[in-house]
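Peer 1: Letter by letter, the sequence shown follows residues 2 to 389 in our numbering.
Note that the Cβ used here is the ideal one computed from N, Cα and C, for glycine as well.
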Amino acid sequence: MDQQLKKDSLELLTKESERYRLERLGFFRDIREEAELLASRFPPKEDETFAQWKSRCLREYYRHKGFSAFCRDNIDTPGFEMLVRTLINTHLQNVFNSSPRTETDRFLAPDLDTVSYAMPQSLFQELYTIYFSAMPSFGNTSELDRFCGNIAGERFPVDESRIIGSLQENDSFYWEKFYAKLRPIADAFSYQMSGLSGNDSTHDLWSDTCISVNRAVVERRLKEPVNARAVISYSVGTIKNKNKELLRNRAKAPVDVDSLQYKLTIEEEERYFNNPVTKPENFPSQIPSLRNYIDYTDKDSIQGYFIVILYNKEHPLHDELVKGYEDKIERMFEHYIDGLSYEEIVARHSGVTDDRETAKECARLRQETKRLKKNLLDRFHKMMEKYR
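1) Do the CB positions of V219 and S236 come within less than 8 Å of each other?
2) If I'm right that C21 touches T105 with Cβ under 8 Å, what's the distance once you round it to whole angstroms?
3) For the alpha helix (DSSP H) holding D328, just list the boundary residues, first then last.
4) Under a Cβ-count criterion, where at least 16 other Cβ atoms within 10 Å of its own Cβ denotes burial, should E362 be classed as buried or exposed?
5) Considering S138, what are the terminal residues of the alpha helix (DSSP H) in which it resides?
6) With N90 as the anchor, note down where its alpha helix (DSSP H) starts and where it stops.
7) Pick helix, strand or coil for D320, following the three-state DSSP scheme.
8) According to DSSP, is I76 part of a helix, a strand, or is it coil?
9) Using a Cβ-Cβ cutoff of less than 6 Å, which residues in the same chain neighbour I240 once the five nearest sequence positions on both sides are dropped?
10) Considering Cα atoms alone, identify which of F28, W176, L168 and L248 is closest to R221.
11) List in chain order: all unbroken alpha helix (DSSP H) runs of 4+ residues lying wholly within the segment 100-186.
12) Mark H92 as exposed unless 16 or more other C-beta atoms lie within 10 angstroms of its C-beta, in which case mark it buried.
13) Are V227 and F108 close, meaning C-beta to C-beta below 8 Å?
14) How about L247 and S195: are their beta carbons less than 8 Å apart?
15) Is it buried or exposed for S41, if we count other Cβ within 10 angstroms and need 16 for buried?
16) Taking 7 Å as the cut-off, is the CB of H350 close to at least one heavy atom of the ligand ATP?
17) Measuring straight from C-alpha to C-alpha, what distance separates E61 and I131?
18) How big is the Cα-Cα spacing for D379 and R372?
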């Protein structure tokens, strides 16, 4: 027998066995013996290409081995069910990767993950009963694979109402995905609002939020009709309220005066300009989960998003916000980010050395910065009206 044919046959059946678990299911025992059988009974014809031979020989091989009867005999075995579930999930992953992100996933699934194209065990059992109770005939593995692909195409994405219903029934499969979704959102808002950072610092707040949201949904306390947007909106509101509560508790707690550092300035500056957590290296401006949930009715969210755009030069709205003010913004950043006094800024850029002239220039720079902040905020609010 041609050695290349034996090698090709062995490679072909090895791949089939790995993908469809043929040895584990007991379809055959010795893959080398099966490869010799395939090569001897179904060799290439003279006018066949390799691809044509591969397709034909597998069809004839599975017909010879009784693959259809084997599937019928094993429909109730855990191994065959596991094979079907694996095949459907493979198709689901491909469909998910090539499809636009659903609204349900945008609000309920972690980044790069899905609930719309996910198949928990309960859903699989339902589909398996529907599609395999009257066992269809599969002449070969390709027909079985196509059948599983059709299931993925017909039954997914899962309706949002069904997923919400599963959450209301406290289905742990969907809740675990949603809890994972909430983690970076809780981290981002906690860092922005109360300065908490690191998993250890935010874990309790995130965990408490998960419990609160779960109870609200399971106990049907959200206003009907409940949808994915309502669940994430309630969750973000809970995260923000817990951060505000944390800030209130901090304000009531006794403070060690020695641990504080004061920076005395002539005027009281808006907190979101000189708060350390709004510095570029600190503010989590690249976290998509935060950018997706700007509450335009909430002052803190609007101010936080303003800082994202102002400090992040890569943001698509940054150039529109700062256009015409670039030099003035550079001076403002020197004051708020670099920590330079107005006197140091004047000395750096104007070359003025006279005390009276320096004081005059500082007063002008201070007023200019004040007007700049107002102008930037006014422009920002107009942009938000345009883009919201």
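Peer 2: With the given structure in hand:
1) Sequence index remark: in the sequence shown, residue 219 carries index 218 (1-based). Sequence index remark: in the sequence shown, residue 236 carries index 235 (1-based). No, Cβ-Cβ distance for V219 and S236 is not below 8 Å.
2) Taking the first residue of the sequence shown as position 1, residue 21 is located at position 20. Taking the first residue of the sequence shown as position 1, residue 105 is located at position 104. For clarity, residue 21 is Tyr in the given sequence; the question names Cys instead. About 32 Å; that fails the 8 Å criterion.
3) As a position in the sequence shown, residue 328 is number 327, starting the count at 1. Note, D328: alpha helix (DSSP H), E327 to Y337.
4) Sequence index remark: in the sequence shown, residue 362 carries index 361 (1-based). Classification for E362: buried.
5) Counting from one through the sequence shown, the residue named residue 138 turns up at place 137. Counting along the chain, S138 falls outside any alpha helix (DSSP H), and DSSP gives it neither H nor E.
6) On the sequence shown, residue 90 is found 89 positions in, with the first residue counted as 1. In the DSSP annotation of this structure, the continuous segment of the alpha helix (DSSP H) that includes N90 starts and ends at P79 to S99.
7) Locating residue 320 in the sequence shown gives position 319, counting from the first residue. Assignment of D320 by DSSP, reduced to helix, strand and coil, places it in the helix class.
8) Taking the sequence shown and counting its residues from 1, one reaches residue 76 at position 75. Three-state DSSP puts I76 in coil, outside helix and strand.
9) Taking the sequence shown and counting its residues from 1, the one referred to as residue 240 is at position 239. A187, F190 and T210, listed in sequence order.
10) Within the sequence shown, numbered from 1, the residue matching residue 221 stands at position 220. If you compare the alpha carbons of F28, W176, L168 and L248 with that of R221, the shortest gap goes to L168.
11) Those alpha helix (DSSP H) runs which fall completely within the segment 100-186 and span 4+ residues are 104-109, 122-133, 142-156 and 161-169.
12) If you number the sequence shown from 1, residue 92 lands on position 91. By the neighbour-count rule (16 or more Cβ atoms within 10 Å), H92 is buried.
13) Along the sequence shown, one-based indexing puts residue 227 at 226. Along the sequence shown, one-based indexing puts residue 108 at 107. Cβ distance not < 8 Å, so V227 and F108 don't count as in contact.
14) Residue 247 sits at position 246 when you count from the first residue of the sequence shown. Residue 195 sits at position 194 when you count from the first residue of the sequence shown. Taking 8 Å as the Cβ cut-off, L247 and S195 qualify as a contacting pair.
15) Here residue 41 is taken as the residue at index 40 of the sequence shown, counted from 1. Classification of S41: exposed, given that the 10 Å Cβ count is below 16.
16) This structure lacks the ligand ATP, and indeed carries no ligand of any kind.
17) The sequence position of residue 61 within the sequence shown is 60, counting from 1. The sequence position of residue 131 within the sequence shown is 130, counting from 1. The C-alpha of I131 is placed about 29 Å away from the C-alpha of E61.
18) As a first step, residue 379 is located in the sequence shown; it is residue number 378 there, counting from the start. As a first step, residue 372 is located in the sequence shown; it is residue number 371 there, counting from the start. Separation of D379 and R372 (C-alpha to C-alpha, rounded to the nearest whole angstrom) is 10 Å.
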